[in-house]
Amino acid sequence: MKTQWAKRVKLFQFIYHWLITKKNKPIALKCALVDFDLDLNWINVGEYILDNYEQLTKMIKPLISKDWTFERLSYVEQALLLSAYGEYLVLKTPKKIIIDQTLITTHNYSNNESYKFINAILDQLLN
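As structure tokens, this is what we get:
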């Protein structure tokens, strides 16, 4: 049985993969099941993110520096923010758990400075 953190990492990897490939929804969701081994709850989060991508990014964009844009963020940072926000909205996971575990994932998959940025954005976003 996978830990919740391992499931979060799989969701993050799935969203990252989708951001890079931009596969259509049916193909992407099949990929979530087969390639990323997501269970139904996490597939629901992934599907929500795909269905509401524009709305989710619209909520994130104002929290980013005026000198920067969401699109300029690395795909890793975009995927971290989207997967955390999607989990918060769909699974109603507490803010502290999401931020703590997203920061662990950030340390494993991004540069040393990204965690500060991700932490600041999620702290404002998850309310």
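Position one of the sequence shown corresponds to residue 1 (the UniProt record's numbering), numbered consecutively onward.
Think of the CB as a built atom: it goes at the ideal place given N, C-alpha and C, for glycine as much as any other residue.
On a predicted model such as this, the values are computed, not experimentally measured, just so you know.
Selected residue, minimal CA-CA separation from residue i, among the options
{"i": "K95", "options": "Q78, S74, R72 and A120", "result": "A120"}
{"i": "F14", "options": "A32, K22 and Y75", "result": "A32"}
{"i": "E54", "options": "N24, K30 and L82", "result": "L82"}
{"i": "V76", "options": "T93, V45, E113 and K23", "result": "E113"}
{"i": "D51", "options": "P26, F117, Q4 and K92", "result": "P26"}
Helix, strand or coil at residue i [DSSP, three-state]
{"i": "N127", "result": "coil"}
{"i": "K2", "result": "coil"}
Limits of the alpha helix (DSSP H) - the one that residue i falls within
{"i": "S83", "result": "Y75 to L91"}
{"i": "T57", "result": "Y53 to I60"}
{"i": "N108", "result": "K95 to Y109"}
{"i": "I27", "result": "K25 to V34"}
Residue i, buried or exposed, once every other Cβ within 10 Å from all chains shown has been counted against 16
{"i": "K10", "result": "buried"}
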